[in-house]
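Note that the numbering used here has the sequence shown beginning at 29, numbered continuously upward. Glycine included, every Cβ here is placed at the ideal spot set by N, Cα and C.
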Amino acid sequence: MSRQTELALMSLMPAHGSELPPSLVELAGSLLAQSRHRASTLKADEEVARLYACANIACDRLKMPLDLPPIEPRPPIPPRIYKRLYTHLDNVLPRPSATTRPSRKRTPSSKQLDLDSSPVSTSRPLPSRGTPSKESSLSRFRTPSKAGADAPTRATRNGTAPKSTTGLHAWIQPVIRYLCTESGNRTLAPTVLAGIEFIVAPVGRRTDDVWVNKHATDLVAAIYFFVVTRVRAITSSAGMDREGYVPLRKAILALMSQARNDVIIKDMDEEGAWDGWNGLKSREFDAAVAHVNDRDWLAGDWYKGIVDVVDSARGGDAEMTDSGDEDSGAQVPARRADTMLQEKYDLTSEARRSDYAAWKNDMLSRINQALATNGASAVDT
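In C-alpha cells, the structure reads:
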C-alpha cells in the first residue's frame with residue numbers, strides 16, 4: 029500500500045525527488061483508509077481512481093506547510109468523473125487541525141491602521157483609559173519563548189485540551205502510530221485509525237456510547253489486535269489459538285505501557301493530552317476483545333478493506349521485485365472499469381479465497397475463545 033501511494037504521489041509531483049516527506053505519505057494513506065468507510069459506495073469507474081484522488085487531496089492539503097512543487101494531476105479516469113470524485117472525497121474526509129493556517133500576527137502598526145479605518149472609529153470616539161505600564165504594553169507582543177517557558181498558551185491557558193475536530197482523544201492517533209511503528213507494522217496505522225474513527229466518531233463527532241467513551245484505551249488495544257490477527261490470517265491462513273493469543277496480548281500490553289511513557293503530545297498539558305487514558309491489564313484487554321466480538325463493528329468497510337490493503341502491499345512488493353524484467357514475459361491485461369469482467373464478480377479469485385479462509389479462521393477463533401471463557405468461568409465457580 030505504501031509503495032502504491034508513493035507512486036501516486038510522485039506522478040502528481042513530477043518535479044519532486046524520490047524522497048517524499050513521511051507526513052505526506054502518511055496523510056495519503058490515512059485518507060485512503062478513512063475513505064473506505066466514509067465513501068464506501070463508489071461507482072466502478074470512480075473506484076479505479078480512489079487512491080489517486082486521496083493522494084491528490086493529501087498534496088493539496090500539505091502544499092503550503094511542506095512547500096511542495098507544482099501539482100500536476102493526470103487521473104486514470106476522464107477529467108469530468110475525476111473532478112466529481114475529488115470534490116466528493118474532499119468534502120467527506122475530515123481535515124486535521126494541524127493543517128489549519130496560523131492566524132496572522134498583529135503588529136502595533138497594523139492594529140493602528142485597522143482602528144483608523146474601522147467604522148467604529150469614525151462614528152464615535154474610543155473611550156478614554158489610563159496609560160498602561162511598559163510591562164503590560166509589551167506583554168501582548170511577546171512570544172511564548174520570551175515570556176517564559178511556563179507562560180500558558182491559548183490551548184492550555186485553562187488547563188484543558190483543545191477540542192478535536194475529529195471527535196477523538198488527542199493521544200489516540202500518536203499512540204496508534206507508535207504501536208504500529210514499534211511493532212514493524214507502520215502501514216497498518218491508517219487502518220487502525222479508521223477502525224477507531226468508525227467506532228468512536230462515526231459521523232465526525234464523539235459517540236454517545238457509554239462503554240466506548242469509558243474504555244477508549246482498551247478499545248485502541250483491541251482494534252489493533254484484530255487488525256494484526258486479520259493480516260496474519262490473510263497472509264499465512266493461520267488461525268488464532270490460545271498459544272498465539274497470550275503472547276500477542278502480552279506484546280500489545282507492553283507496547284501500550286511504553287506508549288504512555290514515550291509518546292509526547294506537543295502544545296498540550298499532561299492532564300489534557302491524556303484525557304480518557306486508563307491503565308490497561310490483561311483482564312480489561314480480554315473484556316474489550318470480547319466486547320468488540322459481540323458488536324457489529326468488525327462488519328464495517330474499514331475491516332473488510334484489510335484484504336485490499338494486503339493485496340496492494342503484495343502488488344507493490346511484486347512490482348518492486350519484477351522491475352527491470354518487464355520484457356521477460358507477456359503482460360497480463362488489466363481489467364478496466366468499462367469492461368464486463370470486474371474483480372467483484374470473480375467469486376473464485378485468490379483474494380476471495382483468502383478472504384474466506386480468513387473468515388473461517390476468525391469464526392473458529394471466536395468459538396475457541398468462547399469455549400475458553402466458559403471453561404474459565406466454570407473453574408471460578
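With a cutoff of 7 Å on beta-carbon distance, A77 and P101 are scored as not near each other. Taken through DSSP and simplified to helix, strand or coil, E225 comes out as helix. T245 counts as buried, since at least 16 other C-beta atoms from the protein chains shown sit within 10 angstroms of its C-beta.
Straight across, the Cα-Cα distance linking D322 with M41 is about 45 Å.
Within the segment 239-267, not a single complete beta strand (DSSP E) segment reaches 3 residues in length. Rounded to the nearest whole angstrom, the CA to CA distance from N306 to Y114 is 39 Å. Exposed is the label assigned to M92, since fewer than 16 other Cβ atoms lie within 10 Å of its Cβ.
In the DSSP annotation of this structure, the continuous segment of the alpha helix (DSSP H) that includes V203 starts and ends at I200 to E210. Counted as a single uninterrupted DSSP element, the alpha helix (DSSP H) harbouring N84 occupies residues R78 to R89. In the DSSP assignment, L308 falls outside any alpha helix (DSSP H), carrying neither H nor E. Assignment of I293 by DSSP, reduced to helix, strand and coil, places it in the coil class.
Between L207 and I224 the beta-carbon gap is near 11 Å, outside 8 Å, which marks them as no contact. Annotated three-state conformation of D324 is coil, per DSSP. For N119, the enclosing alpha helix (DSSP H) has its first and last residue at P107 to V120.
Rounded to the nearest whole angstrom, the CA to CA distance from M296 to L196 is 15 Å.
Selection E34, N289, R311 and V335 evaluated against R260 yields V335 as nearest (Cα-Cα). Contact check for A86 against L55 passes: the beta carbons are separated by less than 7 Å.
Proximity to V255 across D236, V337 and A229 peaks at V337, based on C-alpha coordinates.
Taking I109 as the centre and dropping the five residues before and after it, the same chain places the C-beta of D73 and E74 closer than 7 Å to its C-beta, in chain order. With fewer than 16 other Cβ atoms from the protein chains shown falling within 10 Å of its own Cβ, V238 counts as exposed. Within the same chain, W199 come within 6 Å of W302 by CB-CB distance, once the 5 residues on both sides are set aside. The alpha-carbon of A36 is positioned some 34 Å away from that of N389. Separation of the CB atoms of G328 and H116 is rounded to 20 Å, and the pair is thereby denied contact status at 8 Å. Using a Cβ distance threshold of 7 Å, L221 and I204 count as a contacting pair.
Distance check between G212 and each of L392, L283, R394 and A81 places L283 closest, using alpha-carbon atoms only. For the pair C82 and L52, the CB atoms are not nearer than the 7 Å cut-off. A315 sits away from I280, with the two beta carbons spaced by 7 Å or more.
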